[in-house]
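I have placed the structure first, in the form of structure tokens, so that the comments after it can refer back to it.
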Amino acid sequence: MKTVAQLLKAKDQKNQDVHTIKHDHTVFEALVRMSEKNVGALPVVQDGAVVGIISERDYARKIMLKGLSSVTTKVHEVMSSPVITVDTHKSVDECMNIMTDSHLRHLPVVEEGKLLGLLSIGDLVKEAIAEQADLIKQLEQYIRGE
Numbered sequence: 153m154k155t156v157a158q159l160l161k162a163k164d165q166k167n168q169d170v171h172t173i174k175h176d177h178t179v180f181e182a183l184v185r186m187s188e189k190n191v192g193a194l195p196v197v198q199d200g201a202v203v204g205i206i207s208e209r210d211y212a213r214k215i216m217l218k219g220l221s222s223v224t225t226k227v228h229e230v231m232s233s234p235v236i237t238v239d240t241h242k243s244v245d246e247c248m249n250i251m252t253d254s255h256l257r258h259l260p261v262v263e264e265g266k267l268l269g270l271l272s273i274g275d276l277v278k279e280a281i282a283e284q285a286d287l288i289k290q291l292e293q294y295i296r297g298e
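Residue numbers for the sequence shown follow the working numbering, beginning at 153 and rising by one.
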């Protein structure tokens, strides 16, 4: 099973960039950035540290349903915090368990206080499927005596 470090290294270059938003920006600014970057969540940073995460789900549940304005509401008012993070030594399986148990769709990767990447549930599922396909291929070759 691959580690988070291996998974981050294998991601397409365009998907390796981590897009963030500062805690004092508005939710509207976060939505614009998510739309521009075609992502569903942004880690929220304050003084270089990850202090939360804001997602489309946060917008729907904490802004739209409560009748708040995304133009005047600050990110730190609705972000999910404290944020659950992983380091680069975790396995894909461990990350999937964390995300499943915590009902997360995005998992920031932090090492020594520095944000290195953001994993989506899609990244992890894609890797799990690839690993299973490889295992099936190996077993088929074994059965055929190759």
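All residues carry an ideal CB built from backbone N, CA and C; glycine is no exception. Treat the numbers as computed from the prediction; the structure is a model and nothing was measured.
Judged by their CB atoms, V244 and V196 are not nearer to each other than the 8 Å cut-off. Exclusion of the five residues before and after G269 leaves L160, V170 and V261 as the residues of its chain whose Cβ lies within less than 6 Å of its Cβ. For the pair H258 and G219, the Cα-to-Cα distance works out to about 25 Å. Just measuring C-alpha positions, the residue of V223, D239 and E292 sitting nearest Q158 is D239. G192 carries a coil assignment under DSSP once its states are collapsed to helix, strand and coil. Counted as a single uninterrupted DSSP element, the alpha helix (DSSP H) harbouring L287 occupies residues I273 to R296. C-alpha of A280 to C-alpha of M153: approximately 8 Å in a straight line. Within the same chain, V196, V197, Q198, V203, G204, K226, V227, H228 and M231 come within 8 Å of H175 by CB-CB distance, once the 5 residues on both sides are set aside. CA-CA distance, I215 to S222, rounds to 7 Å.
Look at S221 here: in three-state DSSP terms it is coil, with no helix or strand label.
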